[in-house]
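Contents: one structure, followed by commentary.
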Amino acid sequence: MKNMKIKAWGCVGIMMLGVLIGLSSIAFLGNDVMIVLIWILAIICFLTGMILHFVLIRCPHCGSYLGRLYGPKCSFCGRDYNKTE
Ligand SMILES: [Zn+2]
Numbered sequence: 120m121k122n123m124k125i126k127a128w129g130c131v132g133i134m135m136l137g138v139l140i141g142l143s144s145i146a147f148l149g150n151d152v153m154i155v156l157i158w159i160l161a162i163i164c165f166l167t168g169m170i171l172h173f174v175l176i177r178c179p180h181c182g183s184y185l186g187r188l189y190g191p192k193c194s195f196c197g198r199d200y201n202k203t204e
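To convert, count from 1 in the sequence shown and add 119; that's this note's numbering.
Structure representation (structure tokens):
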């Protein structure tokens with residue numbers, strides 16, 4: 120994958136999926152075991168998205184974590200993070 124924004128949104132997508140899984144626990148009201156299992160799954164999913172974001176969304180030049188990606192350039196070294204040379 121070349122485009123950093125696509126990667127970032129993919130990770131956010133995984134986090135949102137975790138939230139959706141958490142919300143789906145409403146469908147299992149009255150079934151405490153299922154609710155706990157769904158919440159564990161939701162938290163794992165959310166944390167996976169967060170960790171992937173932290174690991175993947177890094178500047179290829181200086182290695183800084185880019186956070187929410189402000190603009191097309193790295194906010195630490197000022198270079199284009201979509202170009203690796
Ligand atoms: Zn940089």
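Virtual Cβ for every residue (Gly too), placed ideally from N, Cα, C.
Not one heavy atom of ligand 1 falls within 6 angstroms of the beta-carbon of phenylalanine 173. Of the residues assessed, isoleucine 157 falls on the buried side of the cut-off, its CB having 16 or more other CB atoms within 10 angstroms. Segment contact: the segment 178-196 against the segment 157-170, fewer than three CB-CB distances shorter than 8 angstroms; contact not assigned. The three-state reading of DSSP puts lysine 202 in coil, since its state is none of H, G, I, E or B. In this structure, the alpha-carbon of tyrosine 200 lies about 44 angstroms from that of phenylalanine 147.
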